[in-house]
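Worksheet: the structure to be examined is printed underneath.
Residue numbers (my numbering): 33 to 461.
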């Protein structure tokens, strides 16, 4: 896994037994960062800080997307400043669930707005702890409802699966409705990605299929207060001193029961996977950043083979852990995702929006370890063989469990909708 960077760097050359590896200095922490022969580098953050700490990786520049994005940003600014809705068409986006799922839904709503040249208005704080502008830098592209003088309060309801056929098989750009209303947590991008009327434009704007990573990179740039947390914690935990740094997303608390359900063999898989992935020459100070979802998870991880390895780094002690229930709590949750993204390799849980958002900011495929509640029978991504394995994902595009089933019911269905979707996730161990 690797990343490209257009920023100036100082390079040196380090000899190994069989290959020549170029290293460069990470612009933020002065830690060595691997430069592969292709010139790509490690990395994954107000915007100047984000650019320094998270250089572009693996994603090619796309002037067509940049032009469309700037046009969308200008459209958003004009609509936010307007005293009337005349002259604009809108998308009202109301995400639900927890942060990872909310961000997936916002990405999908923005993709729809970008492809149809509609103004996107996001209502996130209603029923939640923070608004979009509390955690992201939206100065140049207003999205949060509170940033608009006026916006439609209702519109044509787009729900799933009731709207699957219309969204997937008709020309969404030709819809005449003044406003579309979407709510929930479903990542409906595959419906746009394979809509035959949109495919030429989709191919132009997202030629690598990386919808989630490109939109996260350009649209959802973290708020300066979030980046302060990221930088402070990165330094406090001395993450930059690691020769190779793994993010380990450890989900152990199964709501509503306080039940820790990751097994000892799964902890073994985290450790063995990390050991297998360390590049030659980078084994002297390997560290594991634990992204745990509860105090119980932290306690039992400390007692596991991971804790006994002496390589663990974690932000919270078990008694300190709290769920995000305030603006600062949500900022810390996003900071956790970004700290994972800053690591060299990500070992995440499949089907977890939390881990997938981290992987999108990481901008390169990650590895999957545990497979709790696996959805066997979804033939586009039968994960039954992935249990307790170390599998590299084929993309950092978000997975969509329902797509394999729902796509076959569409009048415009074709087999590639299942076999080629970038978010189908699995590849080889």
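Note that the Cβ used here is the ideal one computed from N, Cα and C, for glycine as well.
When DSSP states are grouped into helix, strand and coil, residue 319 belongs to the strand group.
As summarised for the stretch 296–348, the continuous alpha helix (DSSP H) elements at least 4 residues long and confined to that stretch are 296–309, 327–335, 337–340, given in chain order. The closest CA to that of residue 359, considering only 129, 215, 161, is found on 161. Taken through DSSP and simplified to helix, strand or coil, residue 361 comes out as helix. By the neighbour-count definition (other C-beta atoms within 10 Å, threshold 16), residue 347 is a buried residue. Spatial neighbours of residue 373 in its own chain (CB-CB distance under 6 Å, excluding positions within 5 residues in sequence) are listed in chain order as 76, 390, 393, 394.
Residue 155 is classed as buried because its beta carbon has at least 16 other beta carbons within 10 Å across all chains shown. Per DSSP, reduced to three states, the secondary structure at residue 354 is coil, with no helix or strand assignment. Out of 275, 298, 277, 276, the CA that lies nearest to the CA of residue 283 is found in 298. Counted as a single uninterrupted DSSP element, the beta strand (DSSP E) harbouring residue 279 occupies residues 276–282. Of all C-beta pairs linking the stretch 257–264 to the stretch 363–377, three or more are shorter than 8 Å, placing the two stretches in contact.
By the Cβ criterion, the stretch 175–190 is not in contact with the stretch 422–431, since fewer than three pairs of Cβ atoms, one from each stretch, lie closer than 8 Å.
Look at residue 196 here: in three-state DSSP terms it is helix. By the criterion of at least three beta-carbon pairs nearer than 8 Å, the stretch 266–283 is not in contact with the stretch 228–246. Listed as beta-bridge partners of residue 189 by DSSP are 213.
Cβ-Cβ separation between residue 105 and residue 173: approximately 4 Å, consistent with a contact (criterion under 8 Å). CA-to-CA, the gap between residue 321 and residue 449 works out to about 36 Å. Restricting attention to 387, 446, 296, the CA atom closest to the CA of residue 425 is found in 387. In this chain, the alpha helix (DSSP H) harbouring residue 262 covers 256–268.
When DSSP states are grouped into helix, strand and coil, residue 243 belongs to the helix group. Partner residues in the beta bridge of residue 126, as assigned by DSSP, are 215. Assignment of residue 374 by DSSP, reduced to helix, strand and coil, places it in the coil class.
Within its own chain, no residue has a Cβ closer than 6 Å to the Cβ of residue 231 once the five positions on either side in sequence are excluded. If you look at residue 151, you'll find it in the beta strand (DSSP E) that goes 151–154.
About 4 Å separates the beta carbons of residue 137 and residue 127, which is inside the 8 Å limit, making them a contact pair. Comparing C-alpha distances from residue 146 to each of 108, 191, 356 shows the shortest one belongs to 108. Close CB contacts of residue 229 within its chain, under the 6 Å cut and outside five residues either way in sequence, are with 203 (chain order). Distance from residue 142 to residue 251 at the Cβ level is roughly 6 Å; contact confirmed, criterion being Cβ atoms closer than 8 Å. In the DSSP assignment, the residues bridged to residue 424 are 399. DSSP, read as helix, strand or coil, puts residue 233 in helix.
In this chain, the alpha helix (DSSP H) harbouring residue 388 covers 385–394. Distance from the CA atom of residue 94 to the CA atom of residue 169, rounded to whole angstroms, is 22 Å. About 7 Å separates the CB atoms of residue 240 and residue 92; that is less than 8 Å, so the two are in contact. Beta-carbon to beta-carbon, residue 124 and residue 212 are separated by about 7 Å, close enough to satisfy the 8 Å threshold. Taken atom to atom, the span from the alpha-carbon of residue 442 to that of residue 453 is near 16 Å.
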